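Just below is one structure, and these are the notes that go with it.
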Amino acid sequence: MYSLHSWLGMGAVIVFGLQYVAGFTAYLAPGWRQALKVAYMPLHIYFGLFGFVLAIASALMGITEKAIFAIPDYSSFSSAGVMGNCLGVVYVIFGALVVYLVTEGSYKRKPLPEDAVLLTGANE
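Residue numbers for the sequence shown follow the UniProt record's numbering, beginning at 1 and rising by one.
Quick look at the structure:
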């Protein structure tokens, strides 16, 4: 746990773990009122994206760290170095697309009538 890569990676694991527990408690465990679930949703989305961005950043730092320390001719455009850089670019594009899709309102899931029955047990 000496590098920024390991710190961010551990932060991502902790955020994902807390998200899992909080999401399970809020949305699957009985007892929460619908108003509380609705109020918690923006926080759940924010911390989900935060954990995802932390994971992408940690992966990029890991690729860079590995390339610098393990590839002796990294600065001379070796094939392994170029492959690592291309993988990093793919991670950035993937991360940007996921963040866009999550934050764009037109891609938000529309509630279905059967969701009320599944989540609350109420028959509407």
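From the three backbone atoms N, C-alpha and C, an ideal C-beta is built for every residue, glycine too. All values derive from a computational prediction rather than experimental measurement.
Taking all protein chains shown into account, decide if residue i is buried (16 or more other Cβ within 10 angstroms of its Cβ) or exposed.
{"i": "E124", "result": "The predicted model places E124 with a pLDDT of 49, which falls under 50 and marks its position as unreliable, so this point remains unresolved."}
{"i": "I14", "result": "exposed"}
{"i": "A96", "result": "exposed"}
{"i": "G105", "result": "exposed"}
{"i": "G51", "result": "buried"}
Residues in the same chain with beta-carbon distance under 8 Å from residue i, minus the five sequence neighbours each way, listed in chain order, please.
{"i": "W7", "result": "M1"}
{"i": "I71", "result": "S78, A80, G81 and G84"}
{"i": "L18", "result": "F47"}
Spatial neighbours of residue i within its chain, please: C-beta separation below 6 Å, excluding the five flanking residues on both sides.
{"i": "A67", "result": "Y74, G81 and G84"}
So residue i is in the alpha helix (DSSP H); what residue range does that whole segment cover?
{"i": "W7", "result": "L4 to G23"}
{"i": "K66", "result": "Q34 to A70"}
{"i": "M83", "result": "S79 to T103"}
Of the choices the options, whose alpha-carbon is the least far from that of residue i?
{"i": "I93", "options": "L36, Y46 and A57", "result": "A57"}
{"i": "M10", "options": "A35, G95, M61 and G31", "result": "M61"}
{"i": "D115", "options": "G23, Q19, L28 and S106", "result": "L28"}
{"i": "V21", "options": "Y107, S3 and F47", "result": "F47"}
{"i": "A12", "options": "A55, A59 and K110", "result": "A55"}
Given residue i, which residues of its chain have a CB within under 7 Å of its CB, disregarding the five upstream and five downstream residues?
{"i": "L32", "result": "Note on identity: in this sequence residue 32 is Trp, with Leu being the wrong assignment. Result list for W32: A26, in chain order."}
{"i": "L49", "result": "V99 and V102"}
Evaluate the contact criterion for the stretch 96-108 versus the stretch 34-42: three or more CB pairs, one atom per stretch, below 8 Å. Inter-segment contact for the stretch 96-108 and the stretch 34-42 is absent: fewer than three beta-carbon pairs are separated by less than 8 Å.
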